[in-house]
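Numbering of the sequence shown is given in the numbering used here, commencing with residue 351 and proceeding in unit increments.
Notes follow the structure.
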Amino acid sequence: MKKSAVIFLLILLFSCLAFAQSQVKLKQIVVTPSRTNSKWLSYPDSATSLRATKSVDVITQDQIKMSGARNVPALLRDQVGIEVHEYLGNGKAAIVDIRGFGETAASNVLVLVNGRRTNANDMSGADLIQIDIDAIEKVEILRGSQTVLYGDNAVGGVINIITKRGTGKKPKFKFNYEMGSYRYALYGGQLSGGSQIIDYFFDITTTRSNGYRGNSDIETIDFTNTLDLKPTKYLNFRSDMGYHKDWYGLSGALTDVQIDGDGMRATDNPYNCAKTEDFYWTSGFDFRNTGQLGNLTFTTDFLTRNRRTATVSHGGWGGAFELDNHLKTLGITPKAVFESEPFGIPNRLVCGIDYYKYKDEIMSGNYRMPKNIIVIDEQVFGLYANESIDVTPEFTINGGCRFQWVGYKFDQQAVIREESRKSPFEYAFDAGLNYKYNERSAVYGTISRSFRFPAVDEWYTSRWAGFFGAGGGLNLDLEPQTGMDYEFGIRDNTVDWLKLNADYFIMDIKHELFFDPWAAMSNSIYDHTVRHGLEAEAHINCIENLDIYGRYTYEKAFFVGSHYAGNEIPMVPRHKFTWGVKYSFMDCFDVSYVANFVGDRRFISDQQNLMRTMKYYYVNDVVVAYHKYGLWISLAANNIFDYQYSGIGAYGQYYPANGRNFTFTASYKF
């Protein structure tokens, strides 16, 4: 920690000495946190982050390139208010946590790709390794409850990933190659282009790695393509398609004794493995009409998805445990955006319907026991509306509501034969204010109500058998999770060379859903939990092409009432601090350094707070890049001081993180 602090202070001193010679203005970042496409808006400035009534941020394409990240979880790790938990060290099964949900973060953070929900209706959340990081145009981070616009899972926040699309220009080809530690290799290619009528983008990537630990190898294949057909300037047809397949090992957790005896890279599960096959296709259209009363944009998306997963875990009294899951998804999401200027006041109304139909077929059981089979059908119907009014050029008000009905049908076919149904309903609302006190600065505040329905594998836990008995099955006593979210913040860029963002939030959650190891290994609810925290970020641009930044996150998450009253919620660090620097020179060289400190946190399943805390960790990364004439070459050194740590652990057992590792990247675009 002392080494990186010295590096950071030297860089800061250098930039301040040069401040008198050169000052530069920070670029204004455009974000659209309103479930709208900015290119179809008549008043796009009203949908930027400066007008937003909640905390909003963006990771640009330049930042993505200089991050040295191999995958999306690694890219998000440095961001304020976000904690990434990795079980395997390769991005697979990684959990992205926004605002302190710990082990249940996968169900409380929604991930979108081009507006498409990637969260499955089970507890697995979004499979972020399916997204080729080189195919990403930008990543929008929307913190806090976004339930009104996005529905289920958007309690802690939303990650909206925007991928590259055709540009209406002549064809361009790009070839990618990466190699690195643990025999990591990536091969990929892209084709993009278009004309006045059609735009297209194709991306194919394959990767493989032996992994840092034993039995942490992984192999992936990904194909994505987007097509945009533009017969007129008022009409646009879209098609997004993707296919993913992977095979990977499950290295499992280690105890202190195992780490002391065998080291951080050992595994106690050399034969556990899993695989995934996932296909999706989203088609839709955008229609725009301009009339005397205002501008209307009507959008409809049709979604189909087919995902299969299989997991085999060896050992135990009942023999190896097998879990096969086949999830089919159909969806239709019509939406209208109406923009008008009554009495000269810009107004934007977004309203729509979200309809999804899921069919989840689950087969599970030990090899020595009869297999359990259950088919879960789920239908989701949501109505929402959100309105933003620029009362004055400086003052914006925003508000909306959502009503959502969900119907479940549980058809247990073996070992138990029984059919059950459940039909919960919930609503959400939010209201916010934003005041611009100068052209580049604003203060804001918001209040909102959120909800989350139980995932299918919270209703149903796969039955298991062990030496001391058996457990699992269907639990229909669960209730939807609800919460109130309060937030106020500031975005300040009054001084050209200094940009500051800060917000304070309180989240009051009722009936929070979780896995309770003390209640027959089943899912249950916390009666009442509270989270509050501070998120702050600063960028200093004292001289041209030099960006010095710091990010600090404070979060306190605790139980209220019940037998856990006053205890800390597991896997939520109280403090996180990130600082770094990026410098560009000679129009072709970039150098980046970033350090991450994550404080102590409780083990997963230690709701009683009986165990010692997991130790803090501190990681330093460096990236050097050269780019000229379509050629990109970079070398990333991660965890350069080889800090030995575990980012996540469960009740006294650890999942060791990667040690020092390197990645070499080369790409050529022509």
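Note that CB positions come from ideal geometry on N, CA and C, so glycine has one too.
Note that this is a predicted model, so its numbers are computed, not measured.
If residue i and residue j are in contact, beta carbons under 8 Å, what's the gap, nearest whole angstrom?
i, j, result
"Ile983", "Arg1010", "About 21 Å separates the two Cβ atoms, so there is no contact after all."
"Asn560", "Asp553", "Asn560 to Asp553, Cβ: 25 Å. No contact."
"Thr844", "Glu862", "No, Thr844 and Glu862 are not in contact; Cβ-Cβ is about 39 Å, not under 8 Å."
"Ser474", "Asn503", "Wrong, their Cβ atoms sit about 12 Å apart, outside the cutoff."
"Asp472", "Asp807", "5 Å"
"Tyr933", "Leu896", "5 Å"
"Ala888", "Tyr899", "6 Å"
"Ala781", "Pro720", "Between Pro720 and Ala781 the Cβ distance is about 53 Å, and since that is not below 8 Å, they are no contact."
"Arg952", "Glu905", "Rounded, the Cβ-Cβ distance is 13 Å, inconsistent with contact."
"Leu462", "Ile509", "7 Å"
"Cys623", "Val662", "6 Å"
"Thr403", "Asn873", "Actually they do not touch by this definition, with Cβ atoms about 34 Å apart."
Smallest Cα separation from residue i: which of the options?
i, options, result
"Met964", "Tyr1004, Thr928, Leu981, Tyr943", "Tyr1004"
"Thr796", "Val741, Tyr854, Asp740", "Tyr854"
"Arg558", "Phe573, Asn440, Leu425, Pro620", "Asn440"
"Met563", "Val422, Ala603, Arg638", "The question names Met, yet the displayed sequence has Arg at residue 563. Of the candidates Val422, Ala603, Arg638, the one whose C-alpha sits nearest the C-alpha of Arg563 is Ala603."
"Ala616", "Lys625, Ser601, Asp628, Ala624", "Ser601"
"Asp482", "Glu453, Ile432, Val508, Leu425", "Leu425"
"Gln608", "Thr1015, Ala1016, Gly1002, Thr1013", "Gly1002"
"Asp1029", "Ser405, Ser399, His882, Ile414", "Since the first residue of the chain shown is 351 and the last is 1020, residue 1029 is not available in this structure."
"Pro920", "His889, Lys926, Ser955, Asn825", "Ser955"
"Phe779", "Tyr787, Arg790, Lys772, Arg799", "Arg799"
"Thr517", "Thr576, Gly539, Asp610, Asn464", "Thr576"
"Gly544", "Gly538, Ile571, Leu462, Asp578", "Asp578"
"Gln957", "Met936, Asn788, Val922", "Val922"
"Asp477", "Thr410, Lys580, Val406, Tyr630", "Tyr630"
"Ile890", "Arg881, His882, Arg901", "Arg901"
"Asp412", "His977, Tyr995, Asn988", "His977"
"Thr626", "Phe1012, Arg588, Tyr527, Asp572", "Asp572"
"Phe803", "Ile409, Thr574, Arg449, Val505", "Val505"
"Tyr810", "Pro692, Ser589, Asn851, Asp761", "Asp761"
"Val756", "Ile766, Gln763, Asp740, Ser773", "Ser773"
"Ala1007", "Gly494, Ala455, Met614", "Met614"
"Gly538", "Gln546, Asp549, Thr556", "Thr556"
"Ile1037", "Phe909, Tyr550, Arg588", "Here the chain comprises residues numbered 351 to 1020, so residue 1037 is not present and cannot be evaluated."
"Val944", "Ala986, Arg952, Glu905", "Ala986"
"Ser399", "Lys709, Val459, Val793", "Val793"
"Phe648", "Asn586, Tyr708, Asp618", "Asn586"
"Ile723", "Arg767, Arg790, Asn988", "Arg767"
"Asp877", "Thr832, Pro743, Pro581", "Thr832"
"Gly507", "Leu536, Ala455, Ser542, Phe551", "Ala455"
"Ser912", "Gln546, Lys860, Ile703, Lys926", "Lys860"
Could you pull the DSSP bridge partners for residue i from this structure?
i, result
"Trp755", "Phe731, Phe775"
"Ile724", "Ile712, Gln762"
"Gly539", "Phe525, Ile554"
"His925", "Tyr904"
"Gly999", "Tyr1004"
"Phe587", "Leu579, Phe635"
"Asp572", "Thr555, His594"
"Met857", "Asp835, Arg881"
"Trp982", "His977, Ser1017"
"Val793", "Tyr785, Ile840"
"Val845", "Looking at the DSSP assignment, Val845 forms no beta bridge with any residue, so it has no partner."
"Leu850", "Asp842, Ala888"
"Val408", "Glu490"
"Phe909", "Thr879"
"Leu646", "Asn639, Phe688"
Inter-stretch contact (C-beta, 8 Å, three-pair minimum) for the region 967-975 and the region 408-420: yes
3 or more residues per run - each beta strand (DSSP E) lying fully within the region 922-980: 925-935, 939-948, 967-978
At least 3 beta-carbon pairs within less than 8 Å: the region 518-525 vs the region 1012-1020: yes
At least 3 beta-carbon pairs within less than 8 Å: the region 484-493 vs the region 618-637: no
Completely contained alpha helix (DSSP H) runs for the region 668-717, where each covers 4 or more residues: none
The region 640-647 / the region 655-667 touching (three or more Cβ pairs under 8 Å): Flag = no, the region 640-647 and the region 655-667 do not touch.
Touch test, the region 467-475 against the region 530-542, Cβ-Cβ under 8 Å, three pairs minimum: no
Meets three-Cβ-pair contact criterion under 8 Å: the region 820-834 and the region 432-446: no
Touching by the beta-carbon criterion (3+ pairs, under 8 Å), the region 748-765 and the region 717-734: yes
Any 3 or more C-beta pairs closer than 8 Å across the region 672-692 and the region 712-727: Yes, they touch.
Complete runs of the beta strand (DSSP E) confined to the region 414-493 [at least 3 residues]: 432-435, 445-448, 459-463, 486-493
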